[in-house]
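Visitor:
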Amino acid sequence: MAKRDGCPICGKPTQDEFKPFCGRGCKDRDLLQWLGEGYRVPGERVDPNAQSGLDTGRDAD
Ligand SMILES: [Zn+2]
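In full-length UniProt numbering, the protein residues as written are 1 to 61.
(1) In angstroms with no decimal places, state the Cα-to-Cα distance between D30 and F21.
(2) Under three-state DSSP, which class holds Q15?
(3) Which residues bound the alpha helix (DSSP H) around G6?
(4) Thinking C-beta only, is F18 closer than 9 Å to C10?
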């Protein structure tokens, strides 16, 4: 698999714990933007255990 150049939000090197982002801040930001497409912004929806399906490209439904 080709590695990403860096965090898609700010371009910094990614961290395994937060990939493909550089850290929790950018991960949260991207998640909020993503959710903003069709969901209300939740208070807390970051699940550190749900990172295995980042590239599944699932539909919102
Ligand atoms: Zn970043």
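Note that CB positions come from ideal geometry on N, CA and C, so glycine has one too. These numbers come from a predicted model, not from an experiment.
Guide: In short:
(1) In a straight line, the C-alpha of D30 is about 9 Å away from that of F21.
(2) coil
(3) That residue, G6, is in no alpha helix (DSSP H); it is neither H nor E in DSSP.
(4) no
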